[in-house]
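Asker:
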Amino acid sequence: MAEGTGTTGTETPAVTPAVTTATTTPITAEQLAAAKPVLQQQMLVDKAEASHAAAKLDQAADTGKLTLDVDAADALIKAVDDARDQVMDLWERTSKQLATPLQFGENPVAKAISARFSDLAVGEESGAAKALFDLFNVLDDISNALSRNRDNTRDADEQAEEAMKKAGGSW
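Numbering (the numbering used here), first residue to last: 51 to 221.
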């Protein structure tokens, strides 16, 4: 054994790890039907929470309870607008793809499964595409509330500056 190496001089053959293959089990129409209400309910809860938060922000901006300096408001508006634009871009890129019927075959079961997946993807009230569009609208509402707040702050600052100048002071 070489000193300090911890080996005996005999080589141990490399062990190749066992290779396994994973298989996926297709989802059945029944499994999809069972999961859909849960997914729809969670989406509605998330949408309601986001809408509620946006409404509170909107109300705070309208009543003057939200106060941001103009630079901070501009930075926040830019961040929200960037997020909103990314959501719209994702919606535009994926809406058509999500609406493409899946090709499971030409039998009635395959068509039914394809229709269910399509409804989950682009359904009028519960589809993923609608959820993206709803998120876009919430972000747009937030951006508008922040813009109003920034404009109100700017107007109040300008009025205060004018009043100060009229009174002989400097700003």
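The beta carbon of each residue, even a glycine, is placed where N, CA and C say it ideally should be.
Remember, predicted model here, so these are calculated numbers, not experimental data.
Our contact map puts D184 next to K115 with C-beta atoms below 8 Å; I'd like the distance itself, whole angstroms only.
Answerer: Not really, about 26 Å apart at Cβ, beyond 8 Å.
Asker: State the DSSP-derived secondary structure class of D169, mapped to helix, strand or coil.
Answerer: helix
Asker: Taking all protein chains shown into account, decide if T203 is buried (16 or more other Cβ within 10 angstroms of its Cβ) or exposed.
Answerer: buried
Asker: Can you tell which of A129, P87, Q81, T78 has the C-alpha that lies nearest to the C-alpha of E175?
Answerer: P87
Asker: Whole angstroms is fine: what's the gap from S145's alpha carbon to E99's?
Answerer: 24 Å
Asker: When you compare only the Cα positions, how much space is there between F186 and L170?
Answerer: 19 Å
Asker: At the level of alpha carbons, what is the spacing between R166 and L126?
Answerer: 39 Å
Asker: Can you give the beta carbon distance from V137 to L196, rounded, assuming they're within the 8 Å contact cut?
Answerer: That pair is no contact at about 16 Å.
Asker: Let's test the definition: count the other Cβ atoms within 10 Å of the Cβ of A34 and tell me whether it reaches 16, buried, or not, exposed.
Answerer: Nothing in the structure corresponds to residue 34, since the chain is present only between 51 and 221.
Asker: When we look at the beta-carbon of N199 and count the other beta-carbons within 10 Å, is it buried (16 or more) or exposed?
Answerer: buried
Asker: Can you tell me where the alpha helix (DSSP H) holding F183 begins and where it ends?
Answerer: 178-216
Asker: For V172, count the other beta carbons within 10 Å of its own beta carbon; 16 or more makes it buried, fewer makes it exposed. Which is it?
Answerer: Buried is the label assigned to V172, since at least 16 other Cβ atoms lie within 10 Å of its Cβ.
Asker: Suppose contacts are defined by Cβ-Cβ distances below 8 Å. Is S193 in contact with V130 by that definition?
Answerer: yes
Asker: Which value, in whole angstroms, describes the spacing of the CA atoms of F154 and A162?
Answerer: 10 Å
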